[in-house]
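K.L.:
As you go down the protein sequences, you meet chains A and B in turn.
If you're matching positions, the first sequence starts at 1 in the working numbering and goes up one per residue.
If you're matching positions, the second sequence starts at 113 in the working numbering and goes up one per residue.
The C-beta atom is built at its ideal place from N, Cα and C for all residues, glycine as well.
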Amino acid sequence: AQTVTQSQPEMSVQEAETVTLSCTYDTSESNYYLFWYKQPPSRQMILVIRQEAYKQQNATENRFSVNFQKAAKSFSLKISDSQLGDTAMYFCARYNNNDMRFGAGTRLTVKP
Amino acid sequence: GAVVSQHPSWVICKSGTSVKIECRSLDFQATTMFWYRQFPKQSLMLMATSNEGSKATYEQGVEKDKFLINHASLTLSTLTVTSAHPEDSSFYICSARDPSGDYEQYFGPGTRLTVT
């Protein structure tokens, strides 16, 4: 099975500090897409950031950036200047051929 | 951004009855929609892929006769839980892919089903 692994079930960070969430994945495809989604208590899935596998440059969206290591099949999310509103579940996902697979999630708590 | 709606947002039904959940893409045509199930404090598990005008593709272990999926138009997919039992209680989430976009899936707000 082609899986997505998030090895950190829970993490916490102080407000204004930086935190990195880890994700590794498995795929036999050469072209695929990677995503980080945020799920707050409302349970609405919100796209945080996306990365196309064929692009070497790491994606960045304001305070969110990724470290994409294609050879290692690693896709970590860095949140800078953490805010209380960043508290949520974060899911890493891999998409190819109409197939989206999610990791188990990391529960992030931002402490004041 | 694209919007996907789900209806109802929550539903309570009695064992043995059927319940239908609707998923609509509001501002784009979705040839493919996806249905997920999420248990408390767990990840999203793909149940089936719904393709407009054709039969849904179910994941291994998902009973297609119990979870009926219909994708009759480019903006609507429905999931019907037939003869519901308490173990079917869960949070069901749909998503839709905009074929003119960049493979991003847009998620509905989810439906909480409780079977008593």
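For Gly-213 of chain B and chain A, any beta-carbon pair shorter than 8 Å?
P.N.:
No, Gly-213 of chain B lies away from the interface with chain A (no Cβ there is under 8 Å from its Cβ).
K.L.:
Classify His-197 of chain B as buried or exposed, calling it buried when 16 or more other Cβ atoms lie within 10 Å of its own Cβ.
P.N.:
Exposed, since its Cβ has fewer than 16 Cβ neighbours within 10 Å.
K.L.:
Helix, strand or coil: how does DSSP classify Asp-86 of chain A here?
P.N.:
Helix.
K.L.:
Suppose the cutoff is 7 Å on Cβ atoms and the five residues either side in sequence are ignored; what does the same chain contact list for Ile-205 of chain B look like?
P.N.:
If we look at Ile-205 of chain B and ignore the five residues flanking it on each side, its Cβ neighbours are Tyr-148, Gln-150, Leu-156, Phe-219, Gly-220, Gly-222.
K.L.:
Going by beta carbon distance, what residues of the same chain come within less than 6 Å of Glu-29 of chain A, once the five residues before and after it are set aside?
P.N.:
Asn-96.
K.L.:
My output table needs one value for Glu-199 of chain B: the three-state DSSP class, helix, strand or coil.
P.N.:
It is helical.
K.L.:
Hey, Tyr-170 of chain B and Ala-184 of chain B: beta-carbon distance below 8 Å or not?
P.N.:
No; because the gap between Cβ atoms is not below 8 Å, this pair is not in contact.
K.L.:
Are Thr-109 of chain A and Pro-9 of chain A touching if we call contact CB-CB under 8 Å?
P.N.:
No, the pair does not count as a contact, with Cβ atoms beyond the cut-off.
K.L.:
Between Leu-77 of chain A and Ile-49 of chain A, is the Cβ-Cβ spacing less than 8 Å?
P.N.:
Contact flag set, yes.
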